[in-house]
Each structure stands twice: as C-alpha cells, then as structure tokens.
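2 protein chains.
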Amino acid sequence: MSQSDRSVRVRLVDVARVAGVSKTTVSDALNGTGRLPASTREHVRQVARTLGYRPNATARLLRSGHTRLLGLAAREYVETPWVYADLAYFSQLAIATTRVALSHGYGVVLLPTSGPEDCWLDIPLDGVFVVDPVEADPMVGDFLAAGVPVVSDRRALAEIGSAARETGRWVDFDYGGAVRQVLDHLEDAGAERIAVVAAEATACFHQQSVGAYQDWCAERGREPRIVYMPGPGVQHTLDAVKDLLAAPVPPDAIFTLVEVSPPLLLDTIRRFGRSVPGDLLLVCTTEDPAASYTDPPISTLSFLPVETAQVAVELLVDRLEGREGDPGRLLSADFQIRASSAFPDQRPPRPAVSPLTPG
Amino acid sequence: MSQSDRSVRVRLVDVARVAGVSKTTVSDALNGTGRLPASTREHVRQVARTLGYRPNATARLLRSGHTRLLGLAAREYVETPWVYADLAYFSQLAIATTRVALSHGYGVVLLPTSGPEDCWLDIPLDGVFVVDPVEADPMVGDFLAAGVPVVSDRRALAEIGSAARETGRWVDFDYGGAVRQVLDHLEDAGAERIAVVAAEATACFHQQSVGAYQDWCAERGREPRIVYMPGPGVQHTLDAVKDLLAAPVPPDAIFTLVEVSPPLLLDTIRRFGRSVPGDLLLVCTTEDPAASYTDPPISTLSFLPVETAQVAVELLVDRLEGREGDPGRLLSADFQIRASSAFPDQRPPRPAVSPLTPG
DNA sequence: TATTCGTGAAGGAACGTTCCTGCACAAGGG
DNA sequence: CCCTTGTGCAGGAACGTTCCTTCACGAATA
C-alpha cells in the first residue's frame, strides 16, 4: 500500500476522467508544461484539488530515472550497528549531510551497517556516502558494482579497483598527520609521557591514528602507552582514564582518540587528584562544543563533520548531475589549542600590539 | 541516471535475451518463485551474475506498491532547521528510529522541517513519524491528506480532524505531569525558589512544560522564575544560568528544560561559587549519559527517545502491515533522582539490611 | 481557394519490474 | 486412444507517471 490503501488512492487518470480531459492534459496542467490556456489549466487544478489528488512519488521516480535520494552509512563499529548514536561526530555528520543534501534537492536515507547480504541495494538511491569504511569495504564494492556513485575514503575506493575510478569520489583526512600535529604540540608543551585512549575498531581512522602514534613514539624511542577501550560507553572511557592515572608512573599528557564528554573527563581527572594542565595536559578528539566552555578550556582535535558532509554531498551531487569536478578533496583537521594543553609557563605570550592599530 | 548511467545499466530483459529465456523466467529464477527446474534457475543466475545484473529498485517499488521507507521529521525549532543537531535527544531518537525501522525491514529518511511547500511529498514514503509537532502542524496535515500514515503527538492528530482517526497513530508523554513530578520532588527536598530554564519554542513539549510550571507555581502562590533562552547553543544556556545565579535573591533549585551538557553546567555553577546540592538543587532534562557520572551525580528527567522511537515505529509498521493494534501509546517520562537534587540531610536513609540476605 | 501556422489537446509508448494467465508437452489412468 | 494432471516456460497486462508524436481546427497569408 504505497502512500495509502491502493483502493482509495486517486490517480492521474481519475482526475482526467472527472475533468473530462486526457491524462496528458492533466499532467501538463499540474506541472506547468505543455501548451494549455489558463482556463483549462485552472479547471484541471481545481478538479485535482477537489479530489485530493497527490502524484505517486514512485511512479515519478521510475519515469524520471532518478530518485533524488542519497544514502548515508557510517561503517565504524560495523559489528554493533549504530552504537555511535551518542557520538557527536556522527550525529553532526548525519544532520549536516541531510541539510546540505536537502539544499540540493536530495533526501537522505540512513543506511544499515549490517544485515542481510546486499540488503541496502533494495533502497533506490542515486548515490551514497560511506563514512569511515572498513578495509576492502563490501558495501562500497556493492554500490559501485550496482553503478551507484559512492563518496568515501580514498583508500577504500582504491582497494575496490577500476570501477572506483569512474564512479567513486573521495573525501579524506590525513589522520596520521593530525595525530602527529597534536603529539608534536604536546611535546613542545613539555610532555614526556603521552598516553592515548583508543578504540578497538577496524575503521580507517582508528587504524591510521593509532599507527601514527606508534610510529611517532618509535621515532623518539618512547614507549607507546595505549589504552584500548573494551567497548563503547561513558563508563569504559572513564575506567580507561583512571587506569592510566593509577599507573606507577602516570602519564603527563592524555590524548583521547575516542569521543567522550570533555567536561566529564575533566571532572574525573580532578576527582582523581590531578590538575589540568598543571599535572596533566589534555587533548580530546571531540565535536562537543562544551570543550571550550570548561575551566580550563580543553584543547580539541576535530574532524569537522559539518565540512566533511558538505564536501561529500557536493562531490556526489556534481557527479550525479554530470558536472566533472574534482575526483576528491583532502580536508585538514581542526586542532584548537586551549589552556588544557599548555603548561602555565608555556602559554604563548600575548602578541605585541601592532603599530598599525595603536591603543 | 537512476543508480547508473542509463545506457550501461543491464536490465532484466538483457539477462533474458542472453540467457535465451523470457523475462518471466529470469524474474522467477532470481526471486525463487515460479515452477523452474534447478538447472534453469542456476543457468539464469549464472548469466545474471556474469552480466552484473542488479534489479532496479524503483521499478520494484512501483510494482509492489510500497517503498519500505519511513520518514522522520523533528519539528521543534521549525524556523531554524536542524539546530538541534547537538541535542542528544534528537540524535538518539533518529538513530533509534533507524535501528528499529531496519529491524522491521524499513529504511528511514530524515525529512526537512522547512523548505518549499509540500516538498516532502515528493519522497516516496510508506509512513512518517513527526516528532514534536507544532500546533496544527501542516506537515502532519499534508501527509494525512496524501494518505500517508503518520505517527505523532496525539494533540497534533486531533487538531487535523477526522482523517487522523483513520490513518493517524500517536505516541505521547504527559509532559505536564512529568514536570510536576520534578517540581514536587524539589519542593519535598526543601526548595522554595525553583527556577526553570526554558526555550522559546512552539513545539508541544515546551508549551506544555512551561505551562505546567506556571500552574504549579500559581497553585502555591509562588512567583514563577523562568529564563527563556534567546536561542540554541551552549553559550546561551550558560548565560541564562549565570543570570539566575546573579539575582539578588538567587534560586535554591534549578530545573533545566533545555538540553545542556550536565557536567558543564555543574562546572559553571561551581565556578560561580555555589555548591550542588548544598546551595542549589539541580535537575536536568537531558539524555546525556554523562549526568550519572559527575560528582555529585545529577538528577535527570528523560523522555526516553529510544523507547519513543521503538513504539512509534512499531505503531507505524503495524498500521502499514494491516495489523490493527493500538491507536496510540502513552509513555512515562523517566525521572532519575540523584544526589544533585537531595539536600544532604534529605537523602533517603540507606535501606535496612534485609533479613533475608544477612551479611 | 489552397497553404501555412499556431494553438489546444489526445493517444500511446516508455520506465523496469512482478505476476496472472495460458500454452505446449509428457506422463499416467481409464 | 482420450482425458486429466503436472511441469516448464512465454506473453502480456499492470503499477502511475512523463513526454514524444500526432491530429484537428481556426485564423492568417499567398
């Protein structure tokens, strides 16, 4: 029963019959096409209104050949779908994707990350955005094989092969570079024992960021300190942090790669008797705006879900509407340095007053 | 270009031609229907695989008459769409809706809250869930008029009229009752000057909860203390709280009706020199799990987005699949009393050791 | 008067499936 | 030998649109 019980649904032909014209005329009158005098047009519209006629969306799609529907799939934690509900990153990404897509006239369908084989192919999509694909992601492969344009991580596309070169577009971050940027900053700020809180996950971001941390440590002959969370959830994250703080030689800096409420983390560290940034420098990978309102404000690494969504949708829409455009875009993570990661004596001095703006 | 450039897309007839059979046979072979020997079935499947055939989802929909797509619209803040991206309530609701819908074999489309007139009707939906409708919501009306089953607030459905009685289902909270429950609790805990932080919004929840607070105050001859936030965002909320605390006679309890990070709120109150619950009782309307991990843990009022989604989708699916079921469901808000709203001497005594479990 | 031309509208194919109907053929029973 | 029964498959309608083609007709032009 599409959009209604079939029996009661009024169709184009019903309007035509009542109005005493052909279905062509009805279609033209309603869509503003064809050569019709205003009188006929108005008459048909009147009849349609009276009967409560609504065009069948599916039939239109079949005719027009496109659905104006985009899919969004977040592949992180594929095994336990949608556990990342609480994560600001994904909800911001989903909402931003929806908003941008709508501004281009496309709707967005939230896709399952697991389920019966190929089940996602039953949904009529013009294109998909696969966020955080896993290695050799079958979902990406399925869509490309079905001829559905995909935007995803460059690496995931490359793994698929030649088909990707034609229909695939990518949006990427240099995850490793961003992690190194944070680590360098912490080192500059005087940290010698930087610990990292990470998740056991197969997605690109986790693989690459943890790898970058390990490489960075190896280059300096430092021992990596990684705490892997056994699962998602606030409790696990806090436990992981407490474990770190309780070590015989506790870290002097913590860099979280998993989302956690920054004010809560600060609160937890304090209750443990440590001060930030006095005893411990802190940088959080997070999209929670609360980070900049704590005391001290917390340094954050953001992978810009809103910008990512914007770029992804635009790449997809360009592709769909036949514009050539870029094959992909590399975005830069946003590292905001705040008081939580600057030792008091390491804070940058206030810039000298510019001679051009006296006062 | 549905799902591909039309020219290259391989169709059912193409498979039929290559396999040397009719399209009926191909359809039957692929779908497991009809009377076909295993040999033919396998042959056709082999050909389909070789050609890379994928059925056209839109055509299937048109035939089957349903799209297995559900719409989700959040109508709060209709004017400024999608500002609620940060709100845990909506992201949890959206994700839960998606998960439950998928478990029933339905996909979910995030709908615009504004845009060109009727634009949502171009999306082929089997049903919609309109969360937090505004008064006499035109979106609810449009969908019902188009014959699309709707689940929404009971009040919104009632306003529409008779059509709603046939195709509408509702899921509701007794917002006013929940607010009173919190206020009664705060009064019992000794609060005499309870202030409320609310939003200027047209959605049912805001109207009803603020109304309940005003009534409650009037019944006791108390002066209502409401701070309306001029807009969404962390800064506005914190400013509102600071205004409250800076009053000549500050409140001895704060009840937030808008979502705000509970640990951040606690931090802000402390920086203002007040202790919780010593100087100030605190109850937050929030879905942020961080609330129970702060020190003290914060009392919360939750409107259970996950359960709401579950019920809404099930009502919708029952309706779509012809099962009669309930016309609607009334849910109870979840009020969790924690240390932030109990004065030290008001904390419930530890329960006596049960004689059945000696120790 | 015959020929163009523009206007108003109808007919029907097409989009890619699914599924109902029906036909040919072989095997079995009377 | 004819009638039933069952199997294997083909033809074509239908889903509800859009849009291309055609056509009739009246007015203007040659």
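Residue numbers (our numbering), protein chains in the order written: chain R, 1 to 359; chain G, 1001 to 1359. Using N, Cα and C, we set each Cβ at its ideal position, and we do this for glycine too. In this text, all values refer to a predicted model and were calculated from it rather than measured experimentally.
Where residue i falls, given that 16 or more other Cβ within 10 Å makes a residue buried
i	result
Q1214 of chain G	exposed
L69 of chain R	buried
Q1346 of chain G	The predicted model places Q1346 of chain G with a pLDDT of 47, which falls under 50 and marks its position as unreliable; any figure quoted below should be read in that light. With fewer than 16 Cβ atoms within 10 Å of its Cβ, Q1346 of chain G is classed as exposed.
T1067 of chain G	buried
V128 of chain R	buried
P133 of chain R	buried
P37 of chain R	exposed
G273 of chain R	exposed
G1168 of chain G	buried
S433 of chain R	Residue 433 of chain R falls outside the range modelled here, since chain R spans only 1 to 359, and no answer is possible.
Y84 of chain R	With a pLDDT of only 48 at Y84 of chain R, under 50, the local geometry of the prediction cannot be trusted, and the value read off the model is given with reservation. Per the 10 Å Cβ criterion, buried.
S1152 of chain G	buried
P1251 of chain G	buried
A16 of chain R	buried
A158 of chain R	exposed
R1220 of chain G	exposed
D1243 of chain G	exposed
A246 of chain R	exposed
G1359 of chain G	Bear in mind that a pLDDT of 31 at G1359 of chain G, under 50, signals an unreliable position, so the number given afterwards is only what the model happens to contain. By the neighbour-count rule (16 or more Cβ atoms within 10 Å), G1359 of chain G is not buried but exposed.
S332 of chain R	exposed
R1225 of chain G	buried
R54 of chain R	buried
P230 of chain R	exposed
Those residues which DSSP pairs with residue i across a bridge
i	result
I1095 of chain G	Note: I1095 of chain G sits in no beta bridge, so no partner.
G996 of chain G	Nothing can be reported for residue 996 of chain G, as the shown portion of chain G is limited to 1001 through 1359.
A1029 of chain G	According to DSSP, which records beta bridges pairwise, A1029 of chain G is partnered with nothing at all.
S152 of chain R	R:W170
V196 of chain R	R:I226 and R:F255
A1074 of chain G	G:V1131
N-terminal and C-terminal residue of the alpha helix (DSSP H) that residue i is part of
i	result
Y1228 of chain G	From DSSP, Y1228 of chain G is part of no alpha helix (DSSP H) but of the beta strand (DSSP E) over R1225 to M1229.
T40 of chain R	A38 to L51
A1059 of chain G	A1057 to S1064
A19 of chain R	L12 to A19
A240 of chain R	V234 to L245
G1262 of chain G	For the sequence presented, residue 1262 of chain G should be read as Pro rather than Gly. Start and end: P1262 to R1271.
Boundaries (first-last residue) of the beta strand (DSSP E) holding residue i
i	result
R1329 of chain G	G1328 to L1331
C1204 of chain G	Taken as a continuous stretch (DSSP letters only), C1204 of chain G belongs to no beta strand (DSSP E), being part of the alpha helix (DSSP H) at C1204 to R1220.
G168 of chain R	G168 to F173
A189 of chain R	Segment: none, A189 of chain R is in no beta strand (DSSP E) and carries neither H nor E.
A361 of chain R	Residue 361 of chain R falls outside the range modelled here, since chain R spans only 1 to 359, and no answer is possible.
Distance CB(residue i)-CB(residue j) smaller than 7 Å
i	j	result
A309 of chain R	A96 of chain R	yes
L238 of chain R	W216 of chain R	no
A1146 of chain G	L62 of chain R	no
P1263 of chain G	A1290 of chain G	yes
P1124 of chain G	A57 of chain R	yes
G1177 of chain G	Q1208 of chain G	no
Q1092 of chain G	P1305 of chain G	yes
D28 of chain R	G34 of chain R	yes
A253 of chain R	L281 of chain R	yes
D1118 of chain G	D1142 of chain G	yes
D1172 of chain G	L1330 of chain G	yes
V1317 of chain G	H1104 of chain G	yes
E1287 of chain G	Y1089 of chain G	yes
A1073 of chain G	A1189 of chain G	no
G1328 of chain G	W1170 of chain G	yes
V311 of chain R	L1110 of chain G	no
The ligand ATP heavy atom lying under 6 Å from the CB of residue i
i	result
P224 of chain R	Of the ligands one can find in the structure shown there are none, so the ligand ATP has no counterpart to examine.
Problem - Ranges of the alpha helix (DSSP H) found wholly within the segment 1280 to 1339 of chain G, counting only runs of at least 4 - result: Every alpha helix (DSSP H) of 4 residues or more that sits fully in the segment 1280 to 1339 of chain G is shown, in chain order, as 1305 to 1320.
Problem - Length-filtered (3 minimum) beta strand (DSSP E) runs lying within the segment 109 to 149 of chain R - result: If we require 3 residues or more, the beta strand (DSSP E) runs fully inside the segment 109 to 149 of chain R come out as 127 to 131.
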